[in-house]
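Each remark here refers to the structure printed beneath this line.
This is how it looks when you write it as structure tokens:
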């Protein structure tokens with residue numbers, strides 16, 4: 001049964017890891033602006049398409 | 063005049079075109095961003111787009127020349143090095159997702175821009191740029207040319223600290239982590255598993271709990287102790303005193319039980335308590351980050367002004383403008399300091415200060431107060447007082463703006479009695495137990511303090527007020543903080559400003575009476591009014607939409623009388639009855655139009671009152687509010703107002719800013735609790751003096767004076783519903799107080815009889831909090847539905 005002690009300690013370490021990830025996320029400002037990223041994503045496709053086009057142009061300039 | 067009611071939807075984003083309306087390629091667009099995106103899909107090259115646009119905007123040169131000043135630059139830039147600068151810019155024209163796209167692709171417009179990051183809610187962007195390729199001035203010109211002129215004002219450069227919300231979410235996160243883990247580790251205790259095997263686990267789990275509660279207690283719960291200490295230092299018992307007491311007792315008793323191996327402790331309850339309290343605080347503190355409630359004069363004034371230095375014109379920061387300096391004000395610029403006019407004439411629009419749109423003609427040597435806006439050619443001025451000493455800004459430095467309104471909230475008033483009651487119960491219980499079983503005294507008295515911890519009590523007001531703020535915000539009435547919701551319930555007198563508050567700021571109704579005008583006469587009239595700067599002419603001009611403009615000769619404008627012009631040997635006059643030679647009885651507010659001294663007709667220019675105003679004022683007077691009106695305008699509208707708003711107790715006209723302030727003060731001395739609605743800087747003093755000052759804004763992201771709440775113009779007429787709502791919401795708070803008292807009675811009876819177990823406490827505390835939260839939220843939403851908010 002003493003394996004439970006080890007398991008609980010391991011689980012605490014894992015949980016602590018997630019907590020520190022959360023703290024990092026807050027401190028790095030990921031929750032400061034929750035509105036703009038939702039709009040930014042709308043145009044991601046467009047940008048990629050454009051980059052692809054450019055890459056195509058560079059590969060085989062016509 | 064016909065009001066355009068038809069909604070025009072943007073071709074790109076589908077939103078209604080409200081302020082700006084661009085017609086391009088047979089399609090409607092709501093902003094430059096949307097139009098750019100549209101063009102982009104056609105052309106697919108942003109650079110070309112910019113170049114074509116940049117050429118068409120030569121007048122932008124010079125507008126931002128103050129950004130060349132190193133001192134100002136230093137103030138504005140967040141970071142600068144030889145090849146990388148960062149600046150935060152306020153771009154009030156951001157309003158849809160296309161704007162975000164265009165701005166974030168700014169590097170395609172110009173190679174000197176490294177990266178842009180838009181914050182949509184704050185209408186701001188962080189721009190990284192390379193100063194070797196693009197200067198700050200060029201950046202500002204680039205942004206204006208694509209339709210996003212950055213806003214600079216004197217309050218900039220005072221860099222803002224990190225937002226508080228961040229810290230509270232961090233605390234909630236830590237508390238939630240501790241709470242969840244402690245609950246898991248307390249499960250054996252809850253299930254009552256008691257055998258020899260689990261004994262070792264119990265000890266191990268208890269110590270883990272003790273270890274886990276430390277961050278929750280010392281990091282997340284810290285501020286309750288600080289606040290309680292601060293309160294006690296001022297010999298004032300706020301709600302945080304019983305909370306801090308309960309938390310400290312919980313912690314100490316649990317730690318003692320764990321270390322002495324006499325019990326499992328109440329660590330789960332403690333962590334849960336902190337978690338719930340912080341959630342309440344977070345809910346209440348959700349504020350409108352994108353709105354500013356604390357603007358002072360610095361936000362209105364420009365950052366810099368052109369100063370004449372010998373033959374040169376140099377931009378200087380307005381803080382450095384000294385008495386005797388000669389400054390240059392260009393078209394549409396704001397005069398930053400009291401000054402004497404050196405040029406021959408000037409046309410000063412004080413709508414910024416007074417809220418009333420009226421350009422005033424000034425002559426050489428006239429004294430001009432700071433805050434006016436020059437309309438027309440550039441003028442030269444000699445500064446007589448520094449900005450901070452000016453007439454307008456000194457109003458700000460007066461006591462009204464410095465004193466902090468200290469009001470004791472309902473919850474803090476109750477908490478005093480609550481604390482006394484808890485202590486009495488604990489003492490009585492201890493005395494009783496002294497006779498029954500002295501060994502139990504310690505256990506019982508701590509149990510009383512633990513279970514009586516006013517968690518539910520502390521949560522009821524934040525959740526109700528937080529909910530109120532959300533519901534009002536949905537109706538475009540934005541409160542500065544939850545305290546304002548409570549203050550609103552105590553108001554008994556409402557003071558309205560006229561222009562911009564009960565009338566719409568820009569719109570005027572121009573009615574014509576007389577013989578029907580021919581299109582030629584209309585065109586002549588338009589040509590005449592186009593030359594005049596008088597506000598009435600401007601309004602008549604605006605009403606002649608779609609009429610062809612004719613050039614008139616020999617234009618004359620006589621101040622106080624009217625204008626005249628010649629067209630085809632006929633003299634046309636527009637103005638007062640004596641000026642137009644028409645001997646009718648003089649009516650104020652009428653403008654007469656004549657041809658060769660023969661009357662054609664007259665114009666009646668009246669303010670446009672908000673629809674629903676009469677009903678609102680009627681409702682408010684039924685709710686027993688005293689209603690008053692303060693206007694900076696003249697008596698012209700008095701009769702109309704009396705007619706449509708018979709419930710007004712008094713109306714005062716020609717009120718200067720300090721008159722308004724003093725009037726509110728005198729009302730307060732007569733024990734009125736005043737709610738003031740106003741716009742414009744002229745109301746700023748009165749707004750700040752009143753118990754609740756509400757700024758009326760047509761566009762909430764545009765500037766508004768310092769206030770407790772901001773309301774969007776169209777929502778003003780819903781005021782009676784808003785006030786009904788907050789009054790009812792107060793009843794919800796009281797009802798939830800009763801609920802939490804009932805829980806306390808149950809908890810206390812267990813504590814007094816010595817039966818309080820950790821499991822019981824762990825169930826009772828969250829249960830009471832959740833009941834209160836659910837009750838206030840559901841009741842608040844039902845109430846909103848009933849009032850159709």
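Residue numbers (this note's numbering), protein chains in the order written: chain V, 1 to 62; chain E, 63 to 851. Glycine residues also receive a C-beta, built at the ideal position from the N, C-alpha and C atoms. Remember, it's a predicted structure, so these values are computed and weren't measured experimentally.
May I ask which residues mark the beginning and end of the beta strand (DSSP E) holding residue i?
i, result
"residue 323/E", "Where residue 323/E is concerned, there is no enclosing beta strand (DSSP E), given that its DSSP letter is neither H nor E."
"residue 252/E", "Premise fails: residue 252/E lies in the alpha helix (DSSP H), 249–253, not in any beta strand (DSSP E)."
"residue 85/E", "84–86"
"residue 689/E", "688–692"
"residue 177/E", "175–181"
"residue 380/E", "Looking at the DSSP string, residue 380/E is not in any beta strand (DSSP E), and its letter there is neither H nor E."
"residue 613/E", "Unbroken run through residue 613/E: none, as it is neither H nor E."
With distances taken between CB atoms, is the gap from residue i to residue j smaller than 8 Å?
i, j, result
"residue 739/E", "residue 756/E", "yes"
"residue 614/E", "residue 590/E", "yes"
"residue 788/E", "residue 551/E", "yes"
"residue 711/E", "residue 690/E", "yes"
"residue 172/E", "residue 208/E", "no"
"residue 625/E", "residue 611/E", "no"
"residue 202/E", "residue 129/E", "yes"
"residue 98/E", "residue 164/E", "yes"
"residue 478/E", "residue 299/E", "yes"
"residue 345/E", "residue 528/E", "yes"
"residue 777/E", "residue 539/E", "yes"
"residue 491/E", "residue 507/E", "yes"
"residue 558/E", "residue 586/E", "no"
"residue 722/E", "residue 748/E", "yes"
State buried or exposed for residue i, treating a residue as buried only when at least 16 other CB atoms are found within 10 Å of its CB.
i, result
"residue 782/E", "buried"
"residue 495/E", "buried"
"residue 436/E", "buried"
"residue 288/E", "exposed"
"residue 662/E", "buried"
"residue 870/E", "Lying outside 63 to 851, the shown extent of chain E, residue 870/E is not represented and no answer is given."
"residue 64/E", "Because the pLDDT of residue 64/E is 39, which lies under 50, any placement of that residue in the model is unreliable, and the question is left without a value."
"residue 178/E", "buried"
"residue 718/E", "exposed"
"residue 542/E", "buried"
"residue 144/E", "exposed"
Taking residue i as the reference, which of the options has the closest Cα?
i, options, result
"residue 336/E", "355/E, 347/E and 284/E", "284/E"
"residue 407/E", "399/E, 398/E and 429/E", "429/E"
"residue 555/E", "679/E, 521/E and 675/E", "679/E"
"residue 340/E", "561/E, 524/E, 599/E and 734/E", "524/E"
"residue 363/E", "818/E, 573/E, 449/E and 619/E", "449/E"
"residue 431/E", "182/E, 409/E and 400/E", "400/E"
"residue 125/E", "367/E, 559/E and 727/E", "367/E"
"residue 342/E", "214/E, 233/E and 403/E", "233/E"
"residue 499/E", "828/E, 831/E, 87/E and 816/E", "816/E"
"residue 161/E", "213/E, 93/E, 148/E and 193/E", "93/E"
Which of the three DSSP states, helix, strand or coil, is assigned to residue i?
i, result
"residue 714/E", "strand"
"residue 720/E", "helix"
"residue 300/E", "coil"
"residue 391/E", "strand"
"residue 295/E", "helix"
"residue 755/E", "strand"
"residue 741/E", "coil"
"residue 264/E", "helix"
"residue 626/E", "strand"
"residue 118/E", "Confidence at residue 118/E is low in this model, with a pLDDT of 49, below 50, so its placement is unreliable and the value that follows should be read with caution. If DSSP states are grouped into helix, strand and coil, residue 118/E belongs with coil."
"residue 425/E", "strand"
"residue 819/E", "coil"
"residue 89/E", "strand"
"residue 224/E", "In this prediction, residue 224/E has a pLDDT of 45, which is less than 50 and means its spatial position is unreliable; nothing more can be read from the coordinates."
Under DSSP, the alpha helix (DSSP H) around residue i begins and ends at which residues?
i, result
"residue 137/E", "132–138"
"residue 40/V", "36–40"
"residue 199/E", "198–207"
"residue 480/E", "472–498"
"residue 680/E", "675–684"
field: Interface residues of the region 710–728 of chain E facing chain A [CB-CB below 7 Å]
entry: Annotation note: the requested chain A is absent from the structure, which comprises protein chains V and E.
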